[in-house]
Structure formats: C-alpha cells, structure tokens
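Written out below as structure tokens is the structure these notes cover.
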Amino acid sequence: MAEWEEIVLPIEQPAEHVMQFFAFDHLPPTLKEISKPFGRMAEDIVRTLPRNQQRTMALNKLLEAKDAAVRAYIAK
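Every position in the sequence shown, counted from 1, becomes a number in this note's numbering once 11 is added.
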C-alpha cells in the first residue's frame, strides 16, 4: 500500500457571514448613498480588528444602525 502524503493548506479566515448584509451596489441610488458609509465602515472593522466576539458585536450593531437609517428614509 502506498503511504498517504499529508497536504498542508494555508489557513484562511472564514468570511464574516454578516458582511453580505452590508452590500450596497445592487441598491437604488438613494438607498445606496445611505448604506455605503455603513458598508465601508464594516469593511474597515473586518480589515483592522481581530476576529473575536467584540468585533462580531460591533458589526451586528453597525448593521442595526444601517437598517435603522434605511428605515428612517423609507418611513411614511
């Protein structure tokens, strides 16, 4: 029997699941302008802070703020 050779792959951090909700390119122009600063800040947070519970909390609260801003605009 041939011996199996262990293949070591580089460890990549998994994508931050919540980042999908900060996408803004698909939005209409007005909503895009409201959402864009939140998306940019989320990218900065992921790029500059270590992955831990506090970073996740920061992203979740930022998402809440973005959603509130969008709802404030579309409220009747």
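Just so you know, even glycine gets a beta-carbon here, dropped at the ideal spot from N, CA and C.
- Counting the other CB atoms within 10 Å of its CB gives L70 a total of 16 or more, which places it among the buried residues.
- Around the CB of A53, 16 or more other CB atoms lie within 10 Å, so the residue is classed as buried.
- The count of Cβ pairs closer than 8 Å, one atom from the stretch 40-47 and one from the stretch 58-70, stays below three, leaving the stretches out of contact.
- Boundaries of the alpha helix (DSSP H) harbouring A53: P40 to T59, taken from the DSSP string.
- The shortest CA-to-CA distance from I56 to any of R82, A80 and F33 is the one to F33.
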